[in-house]
Each structure stands twice: as structure tokens, then as C-alpha cells.
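This report concerns only the one structure given below.
There are 2 protein chains.
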Amino acid sequence: MQDQPKKSDQDIDFGVLDEFLGYRLRRAQMNFFAKFGEVCEDLGISPGLFAVLAIVERNPGLTQTAVAQALGNDRSAMVAAVDKLESKNLLERRPAVNDRRSYALFLTAEGGRFFDNAVKRVSCYENEMAKCLDGDEEKQWLLNALERLANKSL
Amino acid sequence: MQDQPKKSDQDIDFGVLDEFLGYRLRRAQMNFFAKFGEVCEDLGISPGLFAVLAIVERNPGLTQTAVAQALGNDRSAMVAAVDKLESKNLLERRPAVNDRRSYALFLTAEGGRFFDNAVKRVSCYENEMAKCLDGDEEKQWLLNALERLANKSL
DNA sequence: CTAAATTGTTATAGCTTTCACCAAACTTAC
DNA sequence: GTAAGTTTGGTGAAAGCTATAACAATTTAG
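Put into C-alpha cells, the structure is as follows:
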């Protein structure tokens, strides 16, 4: 009754966890986050900062809150993010033309080059990760399923 | 040149983000995390604590580090988690039989009942979320794809 | 026995979320 | 038009969770 059978890592019963989408999503996302860190280590940006650059690059002039809403983050999270990107000379806060409360965000020239380079790296490792999927067909299916789950309400 | 076209929330160009598995995984997982919080609000446990209970329930006597490794967390994260679960009388630290450094973790009787109840709730909302998938077939495919992504190495 | 590895722990830092706050903008009523 | 209240944008402080590094006690390897 006291001799536990010395379970190895593979030997563990995950029970209901194995059937829960929430848990599996977390594990998959943790792996992606870790791989992102490896690939972009020297660039000094996190997935969150990368996402901010991506939104601002395609939608120049957006306010901080607009970017936050687009990414599903809180407004307050944007302060430190934009501060950091601005200190790296990648992003620029300009006063908004018709609203003195808000800033309009723009990529700097350096930010544009930086982002292009980062996209290359991220695309590269994304493609590598997607190799465990069955071709572009399954990847598109997966992207679609994930979008449905992200927007599902109870 | 200065009149930005007043983009609404739906009007934003996500660019490369839309094709990145990492981003879509994050969005989907954020939604699951939020829904978990709604459903289990009065229970006072997070997805992380739920996962600890699930592992200990199916693998009684595991050490803290073994649970951490199973869940992909750091050992140090387990301290606060077990502290919290122990203060709720759901989990118990017993001295390990053959290693005075480590504890063996067990669910208390109350912890067992609590977990059963929590599983009912989480299963319920998991099923609700899965309704945006095409039957059990697509769910199983998705679980499988997520497992592949979680274990893929570069 | 000595050196290396392991367990639980603490401290520290980073990131994210929540709350309250102030200034600016908007809405409504005069 | 003005003046009141309300909403919104950015910010800062506090709380939460996670990851990293270091540490003492203990176990294991050589």
C-alpha cells in the first residue's frame, strides 16, 4: 500500500485532462510560446510585442486602445508594450489629429525593417511546427477550428 | 493624408497574424481560460489548480516536481499551488516514504468530492464550447492535432 | 567519503489583469 | 451658445501567475 510504482514521465495518467480542449490548447500554446522565444531571443521581443507591431504595421494610426481591443488585451497592458517598442525606436506615438486624449501609433522606418525580419523568422518556425500537420489542408482546417473556438460564447 | 478612416473593431487587418497558428492558439486559449473562470468562479480554482487536482487524483503519491513535470510547469510554481489547495483542505502533503526531501501528494476526501463536482462543471462547458465543432469526430481530430503541436520540436 | 544531482523552497523579475484616476471628448438639457 | 453629467483614452498602482536563480537538506554516483 505504500510502494508507489515509481512512475516515469510517460507513465502518468492524465485522466479527464486528455479529453479537455482547454488543457490541450494550453499545452500547444506553451510550446509555441517557447519556440518563439528561442527563435526571436536576440530580437528582444515577445509574441505580444510582435502582435502589436503586426497590427500597427497593417493599420497605421490606430490608437492604443484600438490595438488592445484588436488583440483582446486590456488597454493598460498597451502602455508598457508601446513604451518598450518606442524605446527600441520601432514604434512612434504621434498626437492624434482630432482627439487630444489619444495617440496615433506608427511604425518607424527601423520598425518596418525590424518587423519584416521578425516575420521571416516567425514564418520559418511556424512552417517548421506545421510540419506535424498533414499539409496545408489540415493547417487551414485547424486555423478555422481555432477561430471558431476563440469566438464561441457560452 | 491625415484622415484615418475610423476603423471599427471588425475592420482591422490582422495581416500575417491570421495565418499564424501561435496567434490563433493564444486567442482560443484565452477564450477557454475566460470561460473557465466564469464557470468555476465560486469554486475558487484556476485552470492550473484544476490540473493539479486532476493529476494527483489519478496518480496519488506523486511528488511536487513530478506533478510539475507532468503539467509542464516549473517546480517552484507548485509550492504556491499546493499551499493553496492544502489550505482549502483539498490536497494533503505527506512525507515521502523513502526520501526525506520530498512530499507525496494525495487528495483528501473533501478534495475528491470537490474534484468530482469541478469535473462536472468543466465537462459541461467543454461540451458547450465543442458545439462549434463538427461533432465528436472533429473534436477528436482537433485533440490529436493539438497534441502533435504540443510535442513538436524544432 | 567526496562530488554531483535532486527536492522543496524563497526571492526576484516579467508579464497580464483589475481598479481607480485624470484629462479630454461627447451628450443632454437648458 | 453654456453647463451639467457621462463616456472614453491613457496612465499608474496593486495583485496574480510564471519563469529564473540561488539555497539548504538530502540523496545518489563514483
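Respectively, the protein sequence lines represent chains H and P. Heads up, the first sequence is in UniProt numbering, so the first residue is 1 and it goes up one at a time. Heads up, the second sequence is in UniProt numbering, so the first residue is 1 and it goes up one at a time. Idealized CB from N, CA, C, for every residue including glycine.
Cβ distance (whole Å) where residue i is taken to contact residue j below 8 Å
i	j	result
P:GLU126	P:THR108	No, P:GLU126 and P:THR108 are not in contact; Cβ-Cβ is about 25 Å, not under 8 Å.
H:ALA96	H:THR63	7 Å
H:PHE36	P:GLY72	With 8 Å as the limit, H:PHE36 and P:GLY72 do not qualify as a contact, their Cβ atoms being about 16 Å apart.
H:ALA77	P:ARG24	No, H:ALA77 and P:ARG24 are not in contact; Cβ-Cβ is about 20 Å, not under 8 Å.
H:ALA145	P:LEU142	6 Å
H:LYS152	P:ASN31	7 Å
P:ARG148	H:CYS132	4 Å
P:VAL39	P:ARG121	5 Å
Closer than 9 Å to chain P by CB, residue i
i	result
H:ARG24	yes
H:GLY15	yes
H:CYS40	no
H:VAL82	no
H:PRO95	no
H:MET30	yes
H:GLN2	Residue confidence is low: H:GLN2 scores 39 on pLDDT, short of 50, so the model does not pin down where it sits. Its coordinate-derived value is still stated next. Chain P, which has a Cβ nearer than 9 Å to the Cβ of H:GLN2, makes this yes.
residue 169 of chain H	A question about residue 169 of chain H goes unanswered here, because the residues of chain H that appear run from 1 up to 154.
H:TYR103	no
H:ARG148	yes
H:LEU143	yes
H:GLU137	no
residue 178 of chain H	Outside the displayed span of chain H (1 to 154) sits residue 178 of chain H, for which this structure offers no information.
H:LEU107	no
Within-9 Å CB hit, residue i to chain H
i	result
P:ARG58	yes
P:ASN151	yes
P:PHE114	no
P:LEU43	no
P:LEU91	no
P:LYS35	yes
P:LEU21	yes
P:ARG121	no
P:ILE12	yes
P:LEU133	yes
P:GLU86	no
P:SER76	no
P:GLY111	no
P:GLU128	yes
P:ASP18	yes
P:LYS7	Unreliable positioning characterises P:LYS7 in this predicted model, as indicated by a pLDDT of 47, which lies under 50. A coordinate reading is not provided.
Closest Cα partner of residue i within the set the options
i	options	result
P:VAL51	P:LYS88, P:VAL82, P:LEU21	For the sequence presented, residue 51 of chain P should be read as Ala rather than Val. Among P:LYS88, P:VAL82, P:LEU21, the Cα nearest to that of P:ALA51 belongs to P:VAL82.
H:ALA104	H:ARG121, H:GLU57, H:GLU147	H:GLU57
H:ASN59	P:ASP134, P:GLY15, P:ALA118, P:ARG101	P:GLY15
H:ASP18	P:GLY135, P:ASP134, P:ILE12, P:SER123	P:SER123
P:GLY44	P:GLY135, P:ARG100, P:ALA80, P:LYS88	P:LYS88
H:SER102	H:LEU53, H:VAL79, H:ASP11	H:VAL79
P:LYS139	H:ASP74, H:ASP13, H:PHE20, H:GLN140	H:PHE20
H:GLU86	H:ASP74, H:GLY111, H:GLY135	H:GLY111
H:ASP116	H:ASP134, H:LEU90, H:ASN98, H:ARG100	H:LEU90
Beta-carbon gap between residue i and residue j smaller than 9 Å
i	j	result
P:GLY48	P:PHE106	no
P:ALA54	P:VAL119	yes
H:LEU154	P:GLU137	no
P:ALA34	H:ILE12	no
Contact test: residue i Cβ vs the ligand GTP heavy atom, cutoff 8 Å
i	result
P:VAL119	As far as ligands go, the structure on display features none, and thus does not contain the ligand GTP.
| query | Mind pulling the beta strand (DSSP E) runs of 3 or more residues that sit fully within the segment 66 to 138 of chain H? | reply | The segment 66 to 138 of chain H contains these whole beta strand (DSSP E) runs: 91 to 95, 103 to 107.
| Contained alpha helix (DSSP H) runs [length at least 4] in the segment 40 to 64 of chain P, N- to C-terminal order | Listed in chain order, the complete alpha helix (DSSP H) runs (minimum 4 residues) inside the segment 40 to 64 of chain P are 47 to 58.
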